[in-house]
Amino acid sequence: MNRLLDLILSLIYPPKCPFCGRVLNRGEDGLCSACQRALPWIEDGTPAKTVEHCDACLSPLWYRDGVRQGMHRYKFQQGRVHARLFGTLMAQCLQDRWREPVDLITWAPLSKQRRRRRGYDQAELLARQVGAVTGLRVVPTLVKIRNTKAQSRLSPSASRLANVQGAYACRPGTDLAGKRVILVDDVVTSGATLSQCAACLRAAGAQTVTALTFARAK
Ligand SMILES: [Zn+2]
Numbered sequence: 002m003n004r005l006l007d008l009i010l011s012l013i014y015p016p017k018c019p020f021c022g023r024v025l026n027r028g029e030d031g032l033c034s035a036c037q038r039a040l041p042w043i044e045d046g047t048p049a050k051t052v053e054h055c056d057a058c059l060s061p062l063w064y065r066d067g068v069r070q071g072m073h074r075y076k077f078q079q080g081r082v083h084a085r086l087f088g089t090l091m092a093q094c095l096q097d098r099w100r101e102p103v104d105l106i107t108w109a110p111l112s113k114q115r116r117r118r119r120g121y122d123q124a125e126l127l128a129r130q131v132g133a134v135t136g137l138r139v140v141p142t143l144v145k146i147r148n149t150k151a152q153s154r155l156s157p158s159a160s161r162l163a164n165v166q167g168a169y170a171c172r173p174g175t176d177l178a179g180k181r182v183i184l185v186d187d188v189v190t191s192g193a194t195l196s197q198c199a200a201c202l203r204a205a206g207a208q209t210v211t212a213l214t215f216a217r218a219k
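In our numbering, the protein residues as written are 2 to 219.
Following this line, the structure appears as structure tokens:
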């Protein structure tokens, strides 16, 4: 049924490259071949970003050029369509670069309010796609208990940290004793959101927390 629906949708809305907006040619899967070549991939061997309370922070792409535009389209239009590609690229990055065992995948959630307004939580969609590709279990563990300003509107990392301090908590009854967790978000900039979320996961017993984002800002 899903396949039929996909087919019908692809006839009405031909699949486009989320990065440049061009309609995809036959044989191009998810993104166009020009973007496949030209996107700012983070090369293997580039040191992972350091984020407090995280063992590592991995991302397939730098957050610039077409990636910025693709991310913007993802957040504000066609979230579900692009999640499949973005999450698959994240899953490949995880499989290539993280050799340690993993027990579950979770994500840095939006507040209830924002989720309702947008209709979906982009980090959750990414986490679910990473789970679908890797076969790992996806578990909701965190809630956003306080509304915050958009991190992208705040520049110094000190104000970003203050903005998200105390904004997250684990869901009641969450027990992560000894668990090795992958924490998903869309973009890492200062790392303030991820470190707050990772601290909550550790307080609930997580043995390791590895952050995985679609893109990484310099
Ligand atoms: Zn493209």
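All residues carry an ideal CB built from backbone N, CA and C; glycine is no exception.
{"Query": "Near ligand 1: R23 beta-carbon under 8 Å from a heavy atom", "Result": "yes"}
{"Query": "F87 CB to nearest heavy atom of ligand 1 below 8 Å", "Result": "no"}
{"Query": "Separation of D7 from L32, as counted between CA atoms", "Result": "17 Å"}
{"Query": "Rounded separation between A57 and T211 - CA only", "Result": "5 Å"}
{"Query": "Whole-angstrom C-beta distance between L40 and L62, which should lie under 8 Å", "Result": "6 Å"}
{"Query": "Segment contact flag, the segment 127-147 with the segment 201-209, C-beta cutoff 8 Å, min 3 pairs", "Result": "yes"}
{"Query": "Length of the line joining the Cα atoms of I183 and S158", "Result": "23 Å"}
{"Query": "DSSP-derived helix/strand/coil call for R38", "Result": "helix"}
{"Query": "Reduced DSSP secondary structure (H/G/I, E/B, other) of I146", "Result": "coil"}
{"Query": "Exposure label - G71; buried when at least 16 CB within 10 Å", "Result": "buried"}
{"Query": "L32 beta carbon near ligand 1 (any heavy atom closer than 8 Å)", "Result": "yes"}
{"Query": "R172 versus K50: straight-line alpha-carbon distance, rounded", "Result": "27 Å"}
{"Query": "Cβ-Cβ separation, G174 to Q208 (assumed contact under 8 Å), whole Å", "Result": "The pair is not a contact, with the Cβ atoms about 19 Å apart (cut-off 8 Å)."}
{"Query": "Closer than 8 Å: F215 CB and nearest ligand 1 heavy atom", "Result": "no"}
{"Query": "Integer-rounded CB distance, given that L177 should sit under 8 Å from C55", "Result": "Not confirmed; about 14 Å, so no contact."}
{"Query": "Pair within 9 Å by beta-carbon distance, R161 and S191", "Result": "yes"}
{"Query": "Straight-line Cα distance separating I43 from E53", "Result": "21 Å"}
{"Query": "Rounded straight-line distance, which links the Cα of D187 to that of A128", "Result": "9 Å"}
{"Query": "Buried versus exposed call for G67 [16 or more other C-beta atoms within 10 Å across all chains shown]", "Result": "buried"}
{"Query": "Opposing strand residues paired with C58 [DSSP bridges]", "Result": "A212"}
{"Query": "Pick from Q123, G136, R117 and R69 that is closest to R217, judged by C-alpha positions", "Result": "R69"}
{"Query": "Start-to-end residues for the beta strand (DSSP E) that takes in R181", "Result": "R181 to V189"}
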